[in-house]
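Down below is the structure, laid out as structure tokens.
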Amino acid sequence: IEETADPGLFRVWALVGTELHFVRLNVPRIFYVNQKTPREEELGALWRKASKILPRNHQALHLYQYAVPEVLFQQHCKLGQLVADLSSPDIEGIYETQVPLLFRILVSLGCLCRVDPSQRQILSRNGIGVTKSFELNNLLFCTTAQSSYLEHGSIQYAFLYLVKYDKKGIMGLVMPSLNRGVVYGVDTVATNQMPNLTSLFRAERNVRIEKGHGEETLPSSNIKFESHIVTSETDFFRRMNLELQAFKDEKRGPAMVIVQANTELGALVGSMSGLQEFPCVPLHISQDDDLGLFQLDWQRQVSRSFLQAFLRLPRRLAALLEHSRYLHVPVGNLPGDLAIFGSDLFYARHLQRHNAILWVSPTEVPDLGGREDEDLRLMCWMEDEQQEEQGINKSGCYDGVCVELEIDCLPVAALLQAPHIHEGEGSSWSISFEAGSIAPSIESLFGAEGSGSAGPQTPLAGGAVCGAALRVLRQMVATWLRDVALHQNAHADLLIVHFYRWLHTPTAYLYDPALRRVLRSLTRKLFLRLVGELHRLGATVIYGDFSRLVIYTKKFEVQDALSYVTYITERIREQELFRSIQLSPVHCWEYLLWLDHANYGGVRSKLDTNHERQQKGLNGESEEVIRVSQKEQDEEVEDDESSEIEMAWQMGLALPDEASCRMNFITVVASYITAIYETGKELHLTQSQMRVTGDENPVIKFARELVTGELSQKVFEVTQKTQKKLTGWKPPSLKELEKANDVKPLWARLAQHSNPTLQFVKALCKVLSLDSKVEEEVMRLKKNLLQLIGVGEFSPEAQWALESPPPFPTPELVCSVCNQARTLDILRDPHQVLINDRPEWYCPGCRTPYDMNAIEYQLVERVKRTLVSFTLQDLKCKRCSEVKASNMGLHCDCGGNYMCLTPAHEVREQMLLFNCVAKHYKMPILNNMVEWILSFNSRKSQ
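Counting along the sequence shown from 1, when you hit position 605 you're at 605 in full-length UniProt numbering, and nothing is skipped either side.
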């Protein structure tokens, strides 16, 4: 289905039996007008009375459906009449004005359709056989159970491959039905350096056969290739047009052209008019734009890539057709991101089936009938949500086995088990998400006359405004899950895996922040129930978020701990509430010092599991988390070769490299961990002996003696040397660090202190104090060290403050490859790598770099929400701190003046922090926006 230059007119390539037909399809603009007063008649030429469920449960007063020609609608919008209608006091809202016409076709017809029997006589009278023109209401949706879609052999294909950059390029066309292939190259010099393509094709084909690919999945070996070189770009496309025309003149039956190009299909069709004679199927495959065009033997390299792409084509085409059948979308209209588009499509069809109006919008703001700007309270909630503590953290020292569990399908389980979650809280699903709850309008809130609202209205709450949409969403996910469970459908499994990413993608057609917020609330409730169940089974949760848990098993042998983890995961999954959740062990520590998820260290033991992540980074030293192998320590554990010392102390990144300050910090902490771990292993204590407290426990006694003796002496020496070498040291500026191409987290740069010796003492004592057994000894050690460097024990600079600057979280960042959702702390996250002299974050699970443009977009939206939240905030009395209740009062009832809940200087500090982030990570849009805000407020203050 292709859009034409005429508004509302589409070209449709339809396969009827064994014949390929080209027909025209007229699609009107369908939208809904919610009026406060009824019309005199219920049916007109372009409108009729309708009964639908409005988005956010807005009250349908007198709803009418309009179906007008697209030309008329565009003229109406250009003249500003649509905005004037929205301003009319008689109209509550106009809905579905932003639905793309192509999306409406795909939702309504899919990939199979038939002529409506009631319209056949009308079409015959209008001469449909001559004009081949249909209206959208002339056709009906057909399921794949009623008729098959593009079975094998029903249509032939030609493969068009194009790689072009500047004045160089190669274009190949393969026609399997003719056993012929032709390749044209364009260059400034007509020198043909291409290899024998027929021999190269057969060699590449034999290589794939040797790798286990069946011959039935590969193209025929009888295809012969020709190669030509031209020097003119015009001649380049003209000759390929002639090849396409020759292929059409063969008349071997219906055929389509499969296109793989590093240019847009629309631009390619504009250069090659011959493509307009065929239905085109684009292959959305990421590849380099030049693909080796600047190499000396570029013709050979690109030709090999072309042949390899052709050999992979049968499998790719079969996969695309399977996707088309499940999504019910024409194969030529499949986009690059199948999961996001497929979820939009399924959800739109389910909403229409439940008589709901779509809120499709190309932006992150859903179409709410023209009242989107009035719903700014939700943006304030989302800004407050940024500051919520999503995870659980319990710092301390754990001398038993600790296991990290990976959590899968938590949001899906939360959605499916929503009724049980509410029942566990003593409430009801039907009460919490009542479909009849009506969101109030601005007029009704201020008591405007003639608003037309009737009946009780509830406050704007997440569950109330999207209850009906959440019910439909739950049914859709249950349908996917049923397809996976009963039919092992891989396409449904793909949609489930990418469900959480779709829900958090602002560019999705049916993105709704209210729906996202409600599901996040359900996910958090289920997560807390899961944590409570782990506590009930005897485990201690050290750290937890929506993607992983770190638990203390209270076992002292790895095998016993893994058996215990297997037991508790089986007991948890036996419950209906947690049946859809997958818990998999990925890491294991025999001894662990834990401050938070970015600051921990211990003795790590390898697991024999498929989930163990063996890679240490993207390339060499790219990972900034400092890990010291046990082989590098002076004392080595000889009885357990599978263990290693893992050091991931992000606080160490704020210490300078000069005078080995950072390395001394790591060495002292690693030595302490090694000594305690070795002592416990050598003594072979039983579990009951290990649980003994006080000096009766030989391990505790050894730890206290270590801190007061050997360790203290070593730390005193290191501190003296460090203070002597770093006297007068100044931290490098941001410009100096940028020239050094340092990928430290931004927090490490902002937290660097002019007294690194003091930072060293505070960081070291903070880590050692995590072990409560030696807390008193560490306090005495800290007191002596502070005296050594001339700092008072109770002075403000001697206090530990990791939260300066404060956390800067970006919650629920979802990886596009492995779909791992996590909270990215912009300032502190250590998973960074330099790409084109720009620090970029990457997923710790699959090591795939995140889309920095998407992160920048989130930060830009966060700046907007911060400003909106500041503008719409409440006022409070300076004297009694009561929140202002009246709208017009200048003073409080107690006589005090009013002040903002959030002072302006706090917002300015946030903007300065955004400015640092924008400059450090080279985000130009964010940088321009924040600098304009700062300069505007500076001029205003002056």
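The beta-carbon is built from N, C-alpha and C at its ideal position, and this holds for glycine as well.
Keep in mind it's a predicted model, so treat the numbers as computed, not measured.
Checklist entry - Can you give, in chain order, each stretch of the alpha helix (DSSP H) that sits fully within the region 773-826 and has at least 4 residues? => result 775-788
Next on the checklist: Counting C-beta neighbours from all protein chains within 10 Å, is the total for residue 662 16 or more, i.e. buried, or is it exposed?
Outcome noted: buried
Item to check | residue 459 versus residue 397 - alpha carbon distance | outcome: Model confidence at residue 459 stands at a pLDDT of 37, short of 50, so the residue's coordinates are unreliable and nothing is read from them.
Checklist entry - Does the pairing of the region 834-846 with the region 857-875 give three or more beta-carbon distances under 8 Å? => result no
Next on the checklist: Please report the distance separating the alpha-carbon of residue 531 from that of residue 707.
Outcome noted: 35 Å
Checklist entry - Candidates 577, 588, 578 and 596: which alpha carbon is nearest residue 561's? => result 588
Checklist entry - Apart from the five residues just before and just after residue 545, which ones in its own chain have a Cβ nearer than 7 Å to its Cβ? => result 390, 391, 822 and 823
Item to check | Residue burial classification, residue 924 (beta-carbon count within 10 angstroms, cutoff 16) | outcome: exposed
Item to check | residue 87 versus residue 80 - alpha carbon distance | outcome: 11 Å
Next on the checklist: Our contact map puts residue 268 next to residue 162 with C-beta atoms below 8 Å; I'd like the distance itself, whole angstroms only.
Outcome noted: 7 Å
Item to check | Under 9 Å between C-beta atoms of residue 943 and residue 408 | outcome: As shown, the chain starts at 1 and ends at 942. That puts residue 943 outside it, with no answer to give.
Item to check | Simplified DSSP assignment, three categories, for residue 546 | outcome: coil
Next on the checklist: Taking its Cβ as the centre, do 16 or more other Cβ atoms sit within 10 Å of residue 645, making it buried, or is it exposed?
Outcome noted: buried
Checklist entry - In the structure shown, what three-state DSSP assignment does residue 479 receive? => result helix
Checklist entry - residue 356 by DSSP, collapsed to three states: which one? => result strand
Next on the checklist: My parser needs the alpha helix (DSSP H) runs of 4 or more residues fully inside the region 291-341; what are they?
Outcome noted: 298-327
Item to check | With 16 other Cβ atoms within 10 Å as the buried cut-off, status of residue 298 | outcome: buried
Next on the checklist: Let's see if you can read the secondary structure: which residues bound the alpha helix (DSSP H) around residue 910?
Outcome noted: 904-920
Checklist entry - Taking all protein chains shown into account, do 16 or more other C-beta atoms lie within 10 angstroms of the C-beta of residue 8, making it buried, or fewer, making it exposed? => result buried
Checklist entry - Can you tell me whether residue 888 is buried or exposed, with buried defined as 16 or more other CB within 10 angstroms of its CB? => result exposed
Item to check | Cβ contact check for the region 249-263 and the region 276-284: 3 or more pairs under 8 Å | outcome: yes
Next on the checklist: So, at 7 Å on beta carbons, what are the nonlocal neighbours of residue 395 in its own chain, with the 5 sequence-adjacent residues on each side left out?
Outcome noted: 594, 595, 596 and 770
Item to check | residue 246 in three-state terms, based on DSSP | outcome: helix
Item to check | Cross-strand partners of residue 32 (DSSP beta bridge) | outcome: 65 and 95
Checklist entry - Can residue 142 and residue 330 be called in contact, C-beta distance under 9 Å? => result no
Item to check | Limits of the alpha helix (DSSP H) - the one that residue 168 falls within | outcome: Counting along the chain, residue 168 falls outside any alpha helix (DSSP H), though it belongs to the beta strand (DSSP E) covering 168-175.
Next on the checklist: Looking at the strands, I want to know which residues DSSP matches up with residue 595.
Outcome noted: Answer by DSSP bridge pairing: none, since residue 595 is not bridged.
Checklist entry - Do you know offhand how far residue 356's Cα is from residue 349's? => result 10 Å
Checklist entry - Can you check whether the CB of residue 522 is closer than 9 Å to the CB of residue 358? => result no
Item to check | 3 or more residues per run - each beta strand (DSSP E) lying fully within the region 122-166 | outcome: 133-135, 139-141 and 156-165
Checklist entry - Candidates 552, 101 and 83: which alpha carbon is nearest residue 401's? => result 552
Next on the checklist: Quick check on the burial criterion: 16 or more other C-beta atoms within 10 angstroms. Buried or exposed for residue 320?
Outcome noted: buried
Checklist entry - Going straight from the alpha carbon of residue 50 to that of residue 138, what length do you get? => result 20 Å
Checklist entry - Going along the chain, which residues of its own chain have a beta-carbon closer than 6 Å to the beta-carbon of residue 700, five neighbours each way excluded? => result 773
Checklist entry - Can you tell me whether residue 504 is buried or exposed, with buried defined as 16 or more other CB within 10 angstroms of its CB? => result buried
Item to check | Secondary structure of residue 364, DSSP reduced to three states | outcome: coil
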